[in-house]
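Trainee: Reminder that position 397 of the sequence shown reads as 397 in full-length UniProt numbering, one-by-one numbering, no gaps.
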Amino acid sequence: MHQRNIFKIRPPNHEELAKKYPQLRKKCFVGANGKICIDFSCTEAVRSFTEILLSEYFELNVSIPKGVLVPRVPQRLNYLLLVEDLVNLNGLSEEEIVGIDIGTGPLCIFSLLGASLNNWKFVSTDICNESLQIAKENLKNNSLESLQVFELPEYKLTIFSFSVCNPPFFDINEAEKKFASIGDVSLHNLPSRSRGQPRSGTTAIAEEIAYKFPLKEYLINNLKKIEEDVILDMAKSLIERIVKNDGVEEGTNFERLLDFTLVFMDCCAEIVNGSISTKMVESLQILYKELENLKETRICICIDGFIFASNIAMCEVSKKFDKFSINGPSIIYLNQKEVYFDVIFNQYEDQIKSNWTYEWTIKSGKECAQFSGIKTRTLKMKILKAGFINFAISISNSTFSGYRQHNLTIYDHNLLPIAKVENLNVTLPLNFVCLNAEKSINAKYFKWIPEDNLPAEMLSGSSLDNSKLFLSNLVPGVFQFNLSIWNDHSPINDTKIVKLFVSGGSRFFYFYVVLAYLQFLS
1 MHQRNIFKIR PPNHEELAKK YPQLRKKCFV GANGKICIDF SCTEAVRSFT
51 EILLSEYFEL NVSIPKGVLV PRVPQRLNYL LLVEDLVNLN GLSEEEIVGI
101 DIGTGPLCIF SLLGASLNNW KFVSTDICNE SLQIAKENLK NNSLESLQVF
151 ELPEYKLTIF SFSVCNPPFF DINEAEKKFA SIGDVSLHNL PSRSRGQPRS
201 GTTAIAEEIA YKFPLKEYLI NNLKKIEEDV ILDMAKSLIE RIVKNDGVEE
251 GTNFERLLDF TLVFMDCCAE IVNGSISTKM VESLQILYKE LENLKETRIC
301 ICIDGFIFAS NIAMCEVSKK FDKFSINGPS IIYLNQKEVY FDVIFNQYED
351 QIKSNWTYEW TIKSGKECAQ FSGIKTRTLK MKILKAGFIN FAISISNSTF
401 SGYRQHNLTI YDHNLLPIAK VENLNVTLPL NFVCLNAEKS INAKYFKWIP
451 EDNLPAEMLS GSSLDNSKLF LSNLVPGVFQ FNLSIWNDHS PINDTKIVKL
501 FVSGGSRFFY FYVVLAYLQF LS
């Protein structure tokens with residue numbers, strides 16, 4: 001994140017925002033670290049959070065309609081700060097700075113941020129008239145009506161200082177999979193309608209501006225899943241301009257062009273670093289060497305944060321492979337006779353048909369099951385006993401290696417002492433506890449927040465936002481939980497304290513509950 005980005009300097013406090021904004025509070029949960037988190041998988045939560053951030057940090061009053069892609073404010077601000085670096089390098093005065101925002105969308109995020117923070121002028125374009133009408137309303141609500149908004153790009157008589165566009169970029173198949181759920185609304189620039197922000201179309205507009213118009217400087221965004229040949233052609237084209245024109249071309253500054261090309265190579269390196277194919281990496285490294293030779297003959301002022309394509313200089317096929325996961329449960333009960341765990345290769349499986357070797361390692365809990373398939377892709381456990389199992393898988397081939405861990409808790413219904421929101425005393429070797437808050441009066445939502453001294457192993461596989469909190473792998477100590485219980489009419493900080501006392505001992509029975517008292521906080 002850019003050094004001047006306010007979200008790096010002062011990150012959002014999710015708990016404070018949840019207390020302040022009821023519409024956001026319902027979309028929060030307590031993470032494994034006990035902190036309040038926002039459910040970013042929920043579109044409604046993301047839309048609400050974005051509107052709140054723009055209000056809290058920039059005093060911008062915006063409305064984002066349902067069924068549209070919601071831009072992430074920190075990333076868009078980061079984008080504009082990089083543009084600002086380029087503008088400053090060119091010594092442009094505030095009066096002559098005009099940017100074009102391609103595919104602005106109903107929020108027109110770049111225009112709002114650029115105009116309110118830097119007083120930049122913008123021309124914002126979009127193919128959807130309804131999006132533009134909403135964008136105009138958002139500008140009007142923030143006294144920025146002077147910014148121009150067009151349905152079609154009417155820029156041919158304007159000299160733009162830079163162009164920006166709104167990622168992400170999609171191909172047709174990707175858009176159909178990702179955005180089918182919002183395809184029933186009326187906006188025509190949704191990914192499922194317009195096939196996303198087309199890579200070729202956006203690139204063509206950016207190239208038209210950059211190559212045919214006397215711009216001071218220009219940007220090309222890091223395109224997602226762009227074809228390798230297209231990336232290489234663009235890089236080669238930039239280098240050819242440097243070699244052939246050597247700064248003679250009208251409107252071109254050799255140092256600036258070289259500087260931009262190095263930044264572009266950095267973006268390319270980000271796309272391909274760790275790729276399973278070496279073709280792209282090798283081709284970019286050859287181009288980088290050409291740039292190195294050119295760089296030695298000229299003084300080049302690099303943009304802050306980009307040091308002569310350092311990414312591509314270090315880029316190589318990564319040995320570390322993380323595009324896989326362990327498929328299997330985290331909690332089971334003894335009435336389940338056996339359980340299986342498989343290695344899943346995500347979307348890359350068809351591309352990596354090399355022979356893999358597998359090795360499962362049981363790190364703890366060997367006494368809780370009989371294991372088979374240790375050297376295969378599938379691990380099988382049977383003859384189960386109540387307890388906690390921590391295990392890992394190592395995979396490797398001639399190019400890659402990867403490692404994943406997983407936890408499994410096996411419960412016995414007959415051996416679960418239950419505290420109904422009470423302080424609970426247990427004595428080892430008892431190894432299971434269920435704290436139950438479901439009988440709390442008028443309670444609808446539950447959040448368990450453990451103190452810092454609780455070992456992570458005791459929480460493995462247990463959800464912190466249910467009425468019941470399961471704990472296993474107990475160790476001696478006193479462990480305290482803040483239990484937040486509320487409904488739609490109460491604030492999030494209605495809290496009770498629940499304490500768990502675990503004593504070391506030599507008792508040889510597995511059911512031990514001491515009745516205790518309820519302790520409420522006002």
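Each residue gets a CB set at the ideal place from its N, CA and C atoms; glycine is no exception. Nothing here was measured: the structure is a model prediction, and the numbers come from that model.
Please determine, among Ala115, Lys27, Gly91 and Gly105, the residue with the shortest C-alpha to C-alpha distance to Gly99.
Mentor: Considering only alpha carbons, the answer is Ala115.
Trainee: May I ask which residues mark the beginning and end of the alpha helix (DSSP H) holding His406?
Mentor: Run containing His406: none in the alpha helix (DSSP H); it sits in the beta strand (DSSP E), Ser401 to Tyr411.
Trainee: Can you give me the Cβ contacts of Ile134 inside the same chain, cut-off strictly under 7 Å, excluding the 5 residues immediately before and after it?
Mentor: The answer, listed in chain order, is Pro65 and Pro106.
Trainee: Comparing alpha-carbon positions, which option in Ile383, Lys363, Ile497 and Glu145 lies nearest Lys447?
Mentor: Lys447 has its Cα closest to that of Ile497, out of Ile383, Lys363, Ile497 and Glu145.
Trainee: Enumerate in chain order the residues of its own chain whose CB-to-CB distance from Gly387 is below 6 Å, with the five nearest sequence positions on each side excluded.
Mentor: These residues qualify, in order along the chain: Gly365, Cys368 and Ile410.
Trainee: Using only the alpha-carbon positions, how far apart do residue 580 and Phe341 sit?
Mentor: Since the first residue of the chain shown is 1 and the last is 522, residue 580 is not available in this structure.
Trainee: According to the Cβ coordinates, are residue 523 and Ser161 closer than 9 Å?
Mentor: There is no way to answer for residue 523, as the model of the chain reaches only from 1 to 522.
Trainee: Taking the alpha carbon of Val30 as the point to measure from, which residue in Met234, Pro71 and Glu451 has its own alpha carbon closest?
Mentor: It is Glu451 whose Cα lies nearest to the Cα of Val30.
Trainee: By DSSP's criteria, Ile339 is part of a beta bridge. Which residues make up the other side?
Mentor: The amino acid occupying residue 339 in the given sequence is Val; Ile does not appear at that position. Answer is Met381.
Trainee: To the nearest angstrom, report how far apart Gly72 and Asn431 are at their CA atoms.
Mentor: Checking the displayed sequence, the identity of residue 72 turns out to be Arg instead of Gly. Distance between the alpha carbons of Arg72 and Asn431: 44 Å.
Trainee: Name the DSSP beta bridge partners of Ile331, please?
Mentor: For Ile331, which the question treats as bridged, DSSP gives the partners Thr409.
Trainee: For the alpha helix (DSSP H) that Ile159 lies in, which residues bound it at each end?
Mentor: Run containing Ile159: none; DSSP gives neither H nor E here.
Trainee: Helix, strand or coil, according to DSSP, for Tyr21 in the structure here?
Mentor: Coil at Tyr21, not helix or strand.
Trainee: Are the region 452 to 469 and the region 374 to 382 in contact at 8 Å, needing three or more beta carbon pairs?
Mentor: Cβ pair count under 8 Å is below three, so no.
Trainee: Which value, in whole angstroms, describes the spacing of the CA atoms of Gln405 and Leu238?
Mentor: Each residue's Cα considered, the two are about 45 Å apart.
Trainee: Which stretch, first to last residue, makes up the alpha helix (DSSP H) that contains Val70?
Mentor: Per DSSP, Val70 belongs to no alpha helix (DSSP H) and is neither H nor E.
Trainee: Between the Cα of residue 574 and those of Met1, Gly402, Lys323 and Ile286, spot the shortest distance and give me the residue it belongs to.
Mentor: The requested residue 574 does not occur in the structure, where the chain is confined to residues 1 to 522.
Trainee: Check Ala386 in the structure and name its three-state DSSP category.
Mentor: In this structure, Ala386 counts as coil in the three-state DSSP scheme.
Trainee: Would Asn390 and Lys363 qualify as a contact pair, given that the criterion is a beta-carbon distance under 9 Å?
Mentor: For Asn390 and Lys363, yes; Cβs fall inside 9 Å.
Trainee: Under a Cβ-count criterion, where at least 16 other Cβ atoms within 10 Å of its own Cβ denotes burial, should Ser163 be classed as buried or exposed?
Mentor: Under this definition Ser163 is a buried residue.
Trainee: According to DSSP, what are the bridge partners of Leu392?
Mentor: According to the sequence shown, residue 392 is Ala rather than Leu. Answer is Thr361 and Gln405, bridged to Ala392.
Trainee: Under a Cβ-count criterion, where at least 16 other Cβ atoms within 10 Å of its own Cβ denotes burial, should Cys42 be classed as buried or exposed?
Mentor: By the 10 Å Cβ count, Cys42 comes out exposed.
Trainee: Measure from the alpha carbon of Cys165 to the alpha carbon of each residue in Thr125, Asp465 and Ile326, then state which is nearest.
Mentor: For Cys165, the nearest C-alpha among the options comes from Thr125.
Trainee: Is Thr357 buried or exposed, if buried means 16 or more other CB atoms sit within 10 Å of its CB?
Mentor: Answer is exposed; the Cβ neighbour count stays below 16.
Trainee: Please name the residue or residues paired with Asn436 in a DSSP beta bridge.
Mentor: Its beta-bridge partners are Lys468.
Trainee: With DSSP as the reference, label Asn142 as helix, strand or coil.
Mentor: Of the three classes helix, strand and coil, the one that applies to Asn142 here is coil, per DSSP.
Trainee: In chain order, what residues of the same chain lie with their CB nearer than 7 Å to the CB of Arg76, ignoring the 5 residues before and after it?
Mentor: Ile109, Phe110 and Leu113.
Trainee: Could you name the residues of the same chain whose beta carbon sits closer than 8 Å to that of Pro455, not counting the 5 residues immediately before and after it, in chain order?
Mentor: Same-chain partners within the cutoff: Asn473 and Val475.
Trainee: Just verifying my parser: in three-state terms, what is the DSSP assignment at Leu54?
Mentor: Three-state DSSP puts Leu54 in a helix.
Trainee: Using the Cα positions of Phe479 and Ser131, report the straight-line distance between them to the nearest angstrom.
Mentor: Approximately 53 Å, taken between the alpha carbons.
Trainee: Would you identify the three-state DSSP class for Leu92, choosing helix, strand or coil?
Mentor: Coil, per DSSP.
Trainee: Tell me the DSSP secondary structure of Cys42 in three-state form.
Mentor: Reduced to three states, the DSSP call for Cys42 is coil.
Trainee: Around the C-beta of Asp322, are 16 or more other C-beta atoms found within 10 angstroms, so that it is buried, or is it exposed?
Mentor: It is exposed - the Cβ of Asp322 has fewer than 16 other Cβ atoms within 10 Å.
Trainee: How many angstroms separate the CA atom of Asn397 from the CA atom of Ile286?
Mentor: Rounded to whole angstroms, Asn397 to Ile286 spans 27 Å at the Cα level.
Trainee: Mind reading off the beta-carbon distance from Asn129 to Glu94? Whole number of angstroms is fine, and I expect it under 8 Å.
Mentor: Not a contact, Cβ separation roughly 31 Å.
Trainee: With H, G and I counted as helix, E and B as strand and the rest as coil, what does DSSP make of Gln3?
Mentor: Correct three-state label for Gln3: coil.
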